[in-house]
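*Asks:* Pasting in a structure now, in C-alpha cells, and then I'll have a few things to ask.
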Amino acid sequence: KRLVLKVIPEEATRLAALLEAFVRTQESTRPAFRVEAREVDARLAIGGLELDLRIDRIDAVDGGRVVIDYKTGELPPARQWLLPRPLASQLGLYVLALEAHMPAERVCTAALMAIRSGASATVGMAAPGATWPGVVTPPDASGGKLADFDAVKLFWRQTLGGLARDFREGLAAVDPRAHPNPCRRCDFKPFCRIDATRQDDESADDDGGGG
Numbered sequence: 198k199r200l201v202l203k204v205i206p207e208e209a210t211r212l213a214a215l216l217e218a219f220v221r222t223q224e225s226t227r228p229a230f231r232v233e234a235r236e237v238d239a240r241l242a243i244g245g246l247e248l249d250l251r252i253d254r255i256d257a258v259d260g261g262r263v264v265i266d267y268k269t270g271e272l273p274p275a276r277q278w279l280l281p282r283p284l285a286s287q288l289g290l291y292v293l294a295l296e297a298h299m300p301a302e303r304v305c306t307a308a309l310m311a312i313r314s315g316a317s318a319t320v321g322m323a324a325p326g327a328t329w330p331g332v333v334t335p336p337d338a339s340g341g342k343l344a345d346f347d348a349v350k351l352f353w354r355q356t357l358g359g360l361a362r363d364f365r366e367g368l369a370a371v372d373p374r375a376h377p378n379p380c381r382r383c384d385f386k387p388f389c390r391i392d393a394t395r396q397d398d399e400s401a402d403d404d405g406g407g408g
C-alpha cells in the first residue's frame, strides 16, 4: 500500500512563504556554499558507546565542510555548546562522526538553523574566515579559551566522551547543570527530590556556619 499525503492549499502557501523567508534571511546572507548531502546516516564510537546518528545537512564551502542541524524552536547560543554538559550536543557528535567517516573532509563549521514563522535564525561556530551572520568563532564563543575549531572538536570529544562513559557505567547522580537549569521544565522533580536535596545542603551550610 502507498501512503498518499495531501497538503491543503492554505498550508502549502504557508510553508512556501516560510521557506522563502528562511532562504531570504538566512541562506542568502552566507558566503558561497554547495549543499552536498541531506539526511546522512553516520556512526560514531565514543566513550564505549556506538551511536547511530543522522545528520540533517552537510554543505561544502571553501576550507571544508559545514554540518547543519534544523530546529523549529529557540536556538541556544554557541557559548552554551561549550558547557561541561553542552547544549546542542548532537552537533558535536555529528562533527566527530563525519570526520571519523570521511577523515579527508575537514569540518570547519557547525550550525543550528531555525525555520520559524517570523523568527528564522542561525546560530553557529566556525573557523575564522568561515563565519556568516549568527556564526561566531571559537575564541568568541569560549571567551578566548579555545583558539580554533580543532580545539572545539577536541573539547567535544573529551566532554561528550566523558558523558558517554558515565552513561555506559550507569552513573546517574542527580546533578543538573547550573545554567541554563533544566529543572524548571522537568516533571520528574518529585522522583529525583532535587529540591529536597538542595534544602538539605543549605541546612548543612547554615549549621556549619554557626558559632
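When we follow the numbering used here, the leftmost residue of the sequence shown carries the number 198, and every step to the right adds one.
A virtual CB, placed ideally from N, CA and C, is assigned to each residue, including glycine.
Could you tell me which of Trp-329, Leu-357, Thr-356, Val-292 sits nearest to Ile-252, measuring between CA atoms?
*Replies:* Selected option, being the one with the closest Cα: Val-292.
*Asks:* Once DSSP output is grouped into helix, strand and coil, what is the label at Lys-342?
*Replies:* Residue state, collapsed to three classes: coil.
*Asks:* If we count the other Cβ atoms within 10 Å of its Cβ and call it buried at 16 or more, is Ala-297 buried or exposed?
*Replies:* Classification for Ala-297: exposed.
*Asks:* Any idea if Ser-314 is buried or exposed, counting beta-carbon neighbours within 10 angstroms, 16 or more meaning buried?
*Replies:* Classification of Ser-314: exposed, given that the 10 Å Cβ count is below 16.
*Asks:* Which word fits Ser-225, buried or exposed, when buried means at least 16 other C-beta atoms lie within 10 angstroms of its C-beta?
*Replies:* Ser-225 is exposed by the Cβ-count criterion.
*Asks:* Quick test of your reading: Gly-321 and Thr-306, contact by CB under 8 Å. State the CB separation rounded to the nearest angstrom.
*Replies:* Indeed they touch by this definition, with Cβ atoms about 6 Å apart.
*Asks:* Mind checking whether Phe-219 and Ile-312 have CB atoms under 8 Å apart?
*Replies:* Against a cut-off of 8 Å, the Cβ pair of Ile-312 and Phe-219 comes out as a contact.
*Asks:* Grab me the residues of Arg-223's own chain with a C-beta within less than 7 Å of its C-beta, minus the 5 sequence neighbours each way, in chain order.
*Replies:* Sequence inspection shows Gln at residue 223; the Arg mentioned does not correspond to that position. Closer than 7 Å at the Cβ level, and outside the excluded window around Gln-223, lie Met-310, Ser-317, Thr-319.
*Asks:* Buried or exposed for Gly-245, going by 16 or more other Cβ atoms inside 10 Å?
*Replies:* Exposed, because fewer than 16 other Cβ atoms sit within 10 Å of the Cβ of Gly-245.
*Asks:* Compare the C-alpha of Gly-342 against each of Leu-279, Thr-269, Gly-270 and name the closest.
*Replies:* First, the amino acid is wrong: residue 342 is Lys here, not Gly. Nearest C-alpha to Lys-342: Leu-279.
*Asks:* By the 10 Å Cβ neighbour count, where 16 or more other Cβ atoms means buried, how is Asp-384 classified, buried or exposed?
*Replies:* Under this definition Asp-384 is an exposed residue.
*Asks:* Out of Glu-233, Trp-353, Trp-329, Ile-243, point me to the one whose CA is closest to Arg-365's CA.
*Replies:* Cα-wise, what sits closest to Arg-365 is Ile-243.
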